[in-house]
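S.K.: Quick one: the structure is below, questions incoming.
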Amino acid sequence: MKKTLNLVLAAVTTMGLTFSAHAEDYITLASTTSTENSGLFDSILPKFEDATGIEVRVVAVGTGQAFELARRGDADSLLVHDTNGEKRFVENGFATERADVMYNDFVLIGPKDDPANISEAQSAAGAFAAIAEAEAPFASRGDDSGTNRAELRLWANAGVEPGGSWYRELGSGMGPTLNTAAAMDAYVMSDRATWVAFENRQNLELLYAGDEVMFNQYGSLLLSEEKHPHLKHEMAAKWHNWLLSEEGQQAIADFKVDGQQLFFPNAK
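In mature numbering (1 follows the signal peptide of the UniProt record, and there is no 0), the protein residues as written are -23 to -1, 1 to 245.
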């Protein structure tokens, strides 16, 4: 009986060690709501886990919040879309490397009747200026995300400082912002991937796209071991390198919604 009990205890101990070790085989990735809302991660993360045995646990927030998580040492890796901010993050010593991973574009969405007539605009600046001139309702993420930062740059390009009752800063992710825009019958800027995957369109349509200033680049960053030695740098590097590898780039290219490719790999 005693021998049997010892064997059971040994088995439980071994199982506990196994489960404990397995529980450490993950990294925390701070990334954007667009990569989550579009369904990209549901498609590519199982492929990475199959290849490496490493689980990626995603915290999907705006790019500004993702930077802050990494700055505090609360994430092992970053995949975001604000190239200038990413370069500053490296320059300030919080990351040791950034690399282009993939791109898509931003699009302007609005009500079908298009009261500001942005579908006829000759440029993104013209479209934004027309919305401001018409004081047509506009739903802004207002959350310091990569999309919000890009939106503010585009208002500046148009010579507009948005404000007043027509301009609503929501402080929410891309999906909730699109839902609010649908309820308000408002204009909104979205990344194309989230828009294509978005189902609650109601009266909204894609009205303007195509200006090169609406290019949307995503980058992966390796975080500083010197700043945060406790992070899982070795596993994070495997994730970073997989994204840039032929296998990772193909996984990104293979992700489609309704037959439409939403992200275009461009690792160098």
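Ideal Cβ placement from N, Cα and C applies to all residues, glycine included.
On a CA-only basis, which of V173, A214, L184 is nearest S15? Give me that one, please.
M.R.: Position 38 of the sequence shown holds residue 15. Here the closest residue by C-alpha is V173.
S.K.: Residues bridged to Q238 by DSSP?
M.R.: The residue labelled residue 238 in the question sits at position 261 within the sequence shown. Its beta-bridge partners are K233.
S.K.: Output the distance between the C-alpha atoms of G196 and P88, rounded to the nearest integer angstrom.
M.R.: By one-based count along the sequence shown, residue 196 stands at place 219. By one-based count along the sequence shown, residue 88 stands at place 111. When rounded, the distance between both Cα atoms is 32 Å.
S.K.: State buried or exposed for A98, treating a residue as buried only when at least 16 other CB atoms are found within 10 Å of its CB.
M.R.: As a working note, residue 98 is residue 121 in the sequence shown. It counts as buried.
S.K.: Whole angstroms are fine: how far does the CA of F71 sit from the CA of L17?
M.R.: As a position in the sequence shown, residue 17 is number 40, starting the count at 1. As a position in the sequence shown, residue 71 is number 94, starting the count at 1. Spanning the two alpha carbons is a distance of roughly 26 Å.
S.K.: Can you give me the Cβ contacts of T154 inside the same chain, cut-off strictly under 7 Å, excluding the 5 residues immediately before and after it?
M.R.: Against the sequence shown, residue 154 aligns to sequence position 177. Here the set comprises A116, R118, L147, V165.
S.K.: Does the separation of the CB atoms of T12 and G123 fall below 8 Å?
M.R.: The residue you call residue 12 lines up with position 35 of the sequence shown. The residue you call residue 123 lines up with position 146 of the sequence shown. Their beta carbons are not under 8 Å apart, which means T12 does not touch G123 by this criterion.
S.K.: Return the chain-ordered list of same chain residues with a C-beta closer than 8 Å to the C-beta of V57, the five sequence neighbours on each side being excluded.
M.R.: Here residue 57 refers to the residue found at position 80 of the sequence shown. Only A7, S8, T9, T40, A43, F44, E63, G123, Y195, G196, L198 meet the Cβ criterion.
S.K.: Comparing alpha-carbon positions, which option in V67, E182, A101 lies nearest N134?
M.R.: Here the question's residue 134 lines up with position 157 in the sequence shown. Checked all of V67, E182, A101; the closest Cα to N134 is A101.
S.K.: Would you report the Cα separation of N177 and A160, rounded to the nearest angstrom?
M.R.: If you number the sequence shown from 1, residue 177 lands on position 200. If you number the sequence shown from 1, residue 160 lands on position 183. C-alpha separation (whole angstroms): 9 Å.
S.K.: Can G87 be considered in contact with the ligand MN, in the sense that its beta carbon sits closer than 7 Å to one or more heavy atoms?
M.R.: With respect to small molecules bound, the structure shown includes none, and the ligand MN cannot be examined in it.
S.K.: Run through DSSP, which three-state label would F71 get?
M.R.: By one-based count along the sequence shown, residue 71 stands at place 94. If DSSP states are grouped into helix, strand and coil, F71 belongs with coil.
S.K.: Under three-state DSSP, which class holds V173?
M.R.: Within the sequence shown, numbered from 1, the residue matching residue 173 stands at position 196. DSSP places V173 in helix when its eight states are reduced to three.
S.K.: Please name the residue or residues paired with V84 in a DSSP beta bridge.
M.R.: Taking the sequence shown and counting its residues from 1, one reaches residue 84 at position 107. According to DSSP, V84 bridges with S167.
S.K.: Could you tell me the alpha carbon to alpha carbon distance between W219 and E211, rounded to whole angstroms?
M.R.: Walking along the sequence shown from the start, residue 219 turns up at place 242. Walking along the sequence shown from the start, residue 211 turns up at place 234. So the alpha carbons of these two residues sit roughly 12 Å apart.
S.K.: Does DSSP put T5 in a helix, in a strand, or in coil?
M.R.: As a first step, residue 5 is located in the sequence shown; it is residue number 28 there, counting from the start. Three-state result, T5: strand.
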